[in-house]
Each structure stands twice: as C-alpha cells, then as structure tokens.
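If you're matching positions, the sequence shown starts at 8 in the numbering used here and goes up one per residue.
Quick reminder that beta carbons are idealized off the backbone N, C-alpha and C, glycines included.
If you're wondering where the values come from, they're calculated on a predicted model, not measured in any experiment.
Here's the structure we're looking at; comments come further down.
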Amino acid sequence: MATSVSDLSFIQQMLTRYGMSTYVAFGNFGNLLAIATFCQCEQRKNPCSLYLLSMTKCNLICLDVGIIPTIFALDHVDISTQSIIYCKLQFYIRHAFFQMMRTYKVLACMDRYAISSTNVHIRSLNTYKMAIYLIITAALFWLLAVIFFSYARRILNGSCNIQNGIYLMIYTIYYMLSAGLFPPLLIVFFNTLLIRNLKGLRSRIQPIRDNAENKQSNNMLRKRDRDLMKMNFVEVMIYIVSTMPFSIYLIYKIIRDNFTKSLEQQQIESFINYLTQSLLMYLNTAMSFYIYTLTSSSSFRQECKRVLFKFYALIMRKQLRNLHNNSDRTMTIHN
C-alpha cells in the first residue's frame, strides 16, 4: 500500500511538471490568440462574441494564477503556504474569475437562445448594450461575493484552506450550487430552448425567399451565428465533463469527513482532489481556442488567420524600419 501511495505522489508530480506545464503553454497561446480574434471589429459587433471574449480573458487569468504557482512550487517554496496575504489573494483572484467565466458561459447560452426566439422581448436580450451591462454586472457581483471566502482562508499544516468547520460547510454548499449545479442546469435549459426554437424556425421557413418572415429567420440564423452556437455548445459539454467530478468529490467529502481515515486513505483522497480540482478543472480553461478552431466551419479560423497575418506584417514592418534606420545611420557616419 505504501508503494502505491508513493506512486500516486510521483504521478502527481509528473502530471504537474509535464502535463500542466504543457497545457499552460498551449493554453496561454490559444487564449491570447482567441482574445485577439474576438477583439476584431466584426467579432465585437456580436453580443455572443463579447461573452466569449470575456470568458476567454477569465480563462487566461485563471490558468496563469492557478497553475503557474503550482508548477513553481515543485522546485521552490510554495508561497501560498508561507504568506497569508498571498494565500487569500490568489484564491480571491482565481475563484472570482472562475465564477465570472461560468456566468459568461451561461450568458452566452442565453444569448444564443434569445437570437433564435421569435418573441420580440426575448430577442431584445441579444443586443450589444445588454451584453456590456450583463458582463460588467456579473464581474462586480463576483468580485464582491467571494470576499468572504477569501477572508476565511487560513494557513494550517502547510495548507492554505478554509479551516473553520462551519465556514467550510458553507463554502462546500455554495460551491456545489454556484459551480456544480446551477451553471450546468441553466446551460442545459437554454440549449434545450435553443434546439426547440431552431426546430420551430426550420419548420416555418418556406421555399419562397422574398417573404419578409423568411428573410428575418434567415438573418437570425446567419452563418456566424450558427458557428457561435456550435462552438458554445461543444465548450459547454466539455465544461460539464470537467466540472462535475469535483462536485461529486465534494459530496463524497461531506459524507466521509467525519470518518476516521488512515494516512493512505487521506493521500488517495488528496490525489483525487488534485485530479478533479486542479488537473481537470484548469484543463478546461486551456481548451477554449482549440474548441473554437475545431468546431467552427470557417469564420473563426479565417479571423485567426487575419490576426496572425496582421501580427506577421507588424513584425516585418518593424524589422524593415530598423534596417532602414541602421542603413541611414551607417550612411551618416560614412559621410
């Protein structure tokens, strides 16, 4: 048994050193390229793109604040267990932006449902101003809401965590509801309504193309909107798969917390906690760009190519400008 526990420790170190460092590198590249793509003029006009842009920014912050210190702690002192300020601040930043990211996923699903609706009032949710308002409101709400749980964290036995039993129970229930239950339920709810609306729209579209209602339906289901629906749907499914294991682990922890456990059992539970809370959950923050690239038919990939070409052209112009300046300087010296 001792051998198997030491093997788990070794596996965790290897997964952190090589697995996490790999997806942090690819995740940062993908998130930065996705942000640059969603910042393009055409993309910024679409409310769903604004939600995806905000969500990608949150992914970038969560990935770097949550994983880079973990990789650093493999060969150095874990700062989160040495400084109470860092302990609270790191949790505050990563948890607040994780909650924002989950909220923006739900809002993106709501936006896709709104644009597919024939109800004027529901469709009014699909506007630029409404998207900006909801993005700012969600950010302010979570920045205030997580202050208490950050304040409640303490350093004890080399662990930065909520040590008070009552506070820990409150946090567990809060997390299960705000991350494990409500987001997946709302996501499934809005996607179900979206599918129902799409079926209704298809059944109402007639072969006569000059009909005003048909034109409106076709406009609502533009190619870019269909791509965004597909991208959002696949990302949501991956979010559910990567988030649910930790919620299940929290339920298990509440049930088994009062039982006497051997050292081996505690270490096995710690490894399961690592897999569900760190490896799987943060992997979700690194995959968005690759999901968008694989699921979009062409529009998102074309936007990415434009961004890369612009970046390449910018670098080449700088190099040519430097060469030109150097040649001018050389001619001046010779003269």
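- Item | CA-to-CA distance, residue 30 to residue 204, given in whole angstroms | Translated into positions along the sequence shown, residue 204 becomes position 197. Translated into positions along the sequence shown, residue 30 becomes position 23. The straight-line gap from Cα to Cα measures roughly 37 Å.
- Would you give the residue range spanned by the beta strand (DSSP E) that residue 133 belongs to? Locating residue 133 in the sequence shown gives position 126, where the first residue counts as 1. Premise fails: residue 133 is in no beta strand (DSSP E) and is neither H nor E.
- Message: Is the separation between the beta-carbon of residue 241 and that of residue 298 shorter than 7 Å?
- Response: In the sequence shown, residue 241 corresponds to position 234, counting from 1. In the sequence shown, residue 298 corresponds to position 291, counting from 1. When the beta-carbon positions are compared, residue 241 and residue 298 come within less than 7 Å of each other.
- Task: Would you list the residues sitting across from residue 162 in a DSSP beta bridge?
- Result: Working through the sequence shown from its first residue, we reach residue 162 at position 155. Note: residue 162 sits in a beta bridge opposite 167.
- Is the stretch 19-26 touching the stretch 278-286, taking contact as three or more C-beta pairs under 8 Å? Yes, since at least three Cβ pairs between the stretch 19-26 and the stretch 278-286 fall closer than 8 Å, the two stretches touch.
- Between which two residues does the alpha helix (DSSP H) harbouring residue 177 extend? Counted from its first residue, the sequence shown places residue 177 at position 170. Membership of residue 177 in the alpha helix (DSSP H) is indicated by the continuous run 172-182.
- Task: Taking residue 155 as the reference, give the member of 18, 174 and 255 with the closest Cα.
- Result: Residue mapping note: residue 155 aligns to position 148 of the sequence shown, counting from 1. Cα-wise, what sits closest to residue 155 is 174.
- Item | Whether residue 66 touches residue 38 by CB criterion (7 Å) | The sequence position of residue 66 within the sequence shown is 59, counting from 1. The sequence position of residue 38 within the sequence shown is 31, counting from 1. Contact flag set, yes.
- Per-residue DSSP class, three states only, for residue 248: In the sequence shown, the residue the question calls residue 248 occupies position 241. Three-state result, residue 248: helix.
- Item | Buried versus exposed, by CB contacts within 10 Å (16 or more), residue 68 | Here residue 68 refers to the residue found at position 61 of the sequence shown. Buried.
- Within its chain, find whatever has a CB closer than 7 Å to the CB of residue 94; leave out the 5 residues flanking it on each side and keep chain order. In the sequence shown, residue 94 corresponds to position 87, counting from 1. Around residue 94, the same chain offers 87, 160, 162 and 167 as residues with beta carbons nearer than 7 Å, after the five sequence neighbours per side are excluded.
- Query: Is residue 265 helix, strand or coil by DSSP?
  - Reply: Within the sequence shown, residue 265 is the residue found at index 258, counting from 1. Residue 265: coil per DSSP, three-state reduction.
- Query: How long is the line joining the alpha carbons of residue 257 and residue 27, rounded to whole angstroms?
  - Reply: Locating residue 257 in the sequence shown gives position 250, where the first residue counts as 1. Locating residue 27 in the sequence shown gives position 20, where the first residue counts as 1. Each residue's alpha carbon lies about 23 Å from the other.
- Query: Can you tell me where the alpha helix (DSSP H) with residue 299 in it begins and where it stops?
  - Reply: Position 292 of the sequence shown, counted from the start, is the residue given in the question as residue 299. Note, residue 299: alpha helix (DSSP H), 295-302.
- Query: If you draw a straight line from the alpha carbon of residue 45 to that of residue 58, how long is it in whole angstroms?
  - Reply: In the sequence shown, counting from the first residue as 1, residue 45 sits at position 38. In the sequence shown, counting from the first residue as 1, residue 58 sits at position 51. Each residue's Cα considered, the two are about 10 Å apart.
- CB of residue 54 within 7 Å of CB of residue 138, strictly: The residue labelled residue 54 in the question sits at position 47 within the sequence shown. The residue labelled residue 138 in the question sits at position 131 within the sequence shown. Yes, Cβ-Cβ distance for residue 54 and residue 138 is below 7 Å.
- Message: Measuring only the C-alpha atoms, how far is residue 84 from residue 157?
- Response: As a working mapping, residue 84 is identified with position 77 in the sequence shown. As a working mapping, residue 157 is identified with position 150 in the sequence shown. Rounded to whole angstroms, residue 84 to residue 157 spans 21 Å at the Cα level.
- Query: What is the C-beta distance between residue 43 and residue 314, in whole angstroms, given that I count them as a contact (C-beta under 8 Å)?
  - Reply: Here residue 43 corresponds to residue number 36 of the sequence shown, with the count starting at 1. Here residue 314 corresponds to residue number 307 of the sequence shown, with the count starting at 1. So it is a contact: roughly 5 Å between Cβ atoms.
- Neighbourhood of residue 146 by C-beta distance below 7 Å, restricted to the same chain and skipping five residues each side: In the sequence shown, residue 146 corresponds to position 139, counting from 1. If we look at residue 146 and ignore the five residues flanking it on each side, its Cβ neighbours are 107.
- Query: Which word fits residue 271, buried or exposed, when buried means at least 16 other C-beta atoms lie within 10 angstroms of its C-beta?
  - Reply: Position 264 of the sequence shown, counted from the first residue, corresponds to residue 271. The residue is exposed, with fewer than 16 neighbouring Cβ atoms inside 10 Å.
- Query: To which residues of the same chain is residue 310 closer than 6 Å at the C-beta, ignoring the five residues directly before and after it?
  - Reply: As a first step, residue 310 is located in the sequence shown; it is residue number 303 there, counting from the start. Once the five neighbours on either side are set aside, the close Cβ partners of residue 310 are 44 and 47.
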